[in-house]
Amino acid sequence: MTRSFPALILGALLLAACSQQDGPKPHIGYVEADWVYVAAPQGGWIVGQPVREGDKVQTGDLLFRLDETAQEAALAEAEARIRQSEAEVRNLSTGARTAEIRALEARLREAQARLTQAIAERDRLTPLIEDGIVASSRADTIEAEVDAANASVDALKQDIAVARLAARPAVQDAAAAATESAKAASESATYLLQQRSIVAGIDGSVEDIFLRPGEYAVPGAPVLALLPQDGLIVRFFVPQAELPSIRLGTPVRIVADGLGAPFEAPVSYISPQAEYTPPVIYSRDARQKLVFAVEARVSASSGLHPGLPVEVAW
């Protein structure tokens, strides 16, 4: 019994070693970044950029600003059109100005005076014409003068009545429509002006800046890249035989050089299609075989960096 004890110890060690070799091995993966590329919706010169690489930003923080000269001018023009059209609406709804009506009333008084004078002259000459002292042709002349004065009085009275009226409904509607059009133009100009200041749409950090103040931003071309707070992805590959052991939400243990203690992250994606082991996976055990890509999303504060190789187990 005494001689066989070392043999038992050696057998136990060999069994333990075999068990370790036969156990699940960690999968080699790497870290990717789910970048958010921020572009300008309009073209223009960059005139302001208060952020630098590595800065933390929150939703709504200013990232960069484009020149606003043309947009400010367009907004000022639209607001001036609003004031002009609103004044036109008020003018059409109140009729002629008081000074214009007073001028018409003065002309009416003059016409009434001429009418009174013409009637008086007719009354004076009528008996003389009847007595033959004044030629009868004079009667036609004086009667024409009375009719003309009377017509002038009637016309001025109508002009005054029309001047006191508001414009026709169709004209007022056209002026009101012009006001609404000017307001719509103002809203559009305001929106375009606001689009010159580009703000962060997410919480994260500034990882890279492609264009700086003094450079021209093309619409749709990235100016800088943001890394969301959950923008890091650990990507690894699982053979078909192990696929049933992992599913969405499964916590996986991640280990990386220099990271310290391992940490866990839930599986966020499992590829529905098989593929060959990609050459980016550097492992002596990796060989040409069909695997499924699996991703686990981790926080940007985890200490991982894009491109870093990691080991993943569960």
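To convert a position in the sequence shown, counted from 1, into the working numbering, add 5.
Ideal placement from N, C-alpha and C gives every residue a C-beta, glycine not left out.
Quantities reported herein were computed from a predicted structural model and do not represent experimental measurements.
Residue i versus residue j: straight-line alpha-carbon distance, rounded
i	j	result
R302	D235	7 Å
L71	G312	33 Å
T255	L216	41 Å
W40	I214	12 Å
R258	P267	6 Å
K126	A104	In the sequence under discussion, the amino acid at residue 126 is Glu, which differs from the Lys named in the question. Spanning the two alpha carbons is a distance of roughly 33 Å.
R240	V317	9 Å
G28	P277	For G28, the predicted model reports a pLDDT of 45, less than 50, meaning its position is unreliable; a value from the coordinates is still stated below. Cα to Cα, the separation comes out at about 26 Å.
L130	I147	8 Å
S186	V167	29 Å
A111	Q177	29 Å
E212	L197	27 Å
V139	D128	13 Å
P227	P55	17 Å
A246	I238	23 Å
L80	R201	13 Å
L67	R57	12 Å
S141	P132	11 Å
T282	K30	16 Å
D145	I106	34 Å
L253	S306	22 Å
A360	S304	Residue 360 is absent from the structure shown; the chain starts at 6 and stops at 319.
P249	D208	35 Å
H310	I275	22 Å
V272	A38	16 Å
E77	L97	31 Å
Q26	I251	Model confidence at Q26 stands at a pLDDT of 45, short of 50, so the residue's coordinates are unreliable and nothing is read from them.
Integer Cβ distance of residue i from residue j, believed to fall under 8 Å
i	j	result
V296	E280	7 Å
S210	K61	5 Å
P218	G53	6 Å
A4	S90	Here the chain has residues from 6 to 319 only, and residue 4 is not among them.
A230	Y35	A230 to Y35, Cβ: 19 Å. No contact.
A180	E93	5 Å
V204	G59	Not quite, the Cβ-Cβ distance comes to about 19 Å (not below 8 Å), so this is no contact.
Nearest to residue i (by Cα), restricted to the options the options
i	options	result
E269	W319, S250, G137 and D178	W319
A261	E148, P277, Y42 and G308	G308
Q199	P46, V36, K30 and Y42	P46
L264	S157, P314 and R129	P314
G206	D145, P233 and A194	P233
I33	P244, E77 and A305	P244
A160	A78, L113 and A144	L113
D152	E135, I51 and A116	A116
A75	V223, T195 and L97	T195
K294	D208, A149 and F242	F242
E82	S193, A149, E220 and I124	S193
At which residue ranges does the stretch 241-268 contain complete beta strand (DSSP E) runs of 3 or more residues, listed in the order of the chain?
Complete beta strand (DSSP E) runs here, min 3: 256-260.
Suppose only complete runs of 4+ residues qualify. What are the alpha helix (DSSP H) ranges in the stretch 35-101, listed by chain order?
You should have 74-99.
Touch check for the stretch 119-128 and the stretch 78-87: three-plus C-beta pairs under 8 Å?
No, because fewer than three Cβ pairs between the stretch 119-128 and the stretch 78-87 fall closer than 8 Å, the two stretches do not touch.
Ignoring anything shorter than 4 residues or poking outside the stretch 200-241, list the alpha helix (DSSP H) runs there in chain order.
Here no run is fully enclosed.
Alpha helix (DSSP H) runs wholly inside the stretch 92-162, at least 4 long, in chain order:
Here the runs fully enclosed are 103-135.
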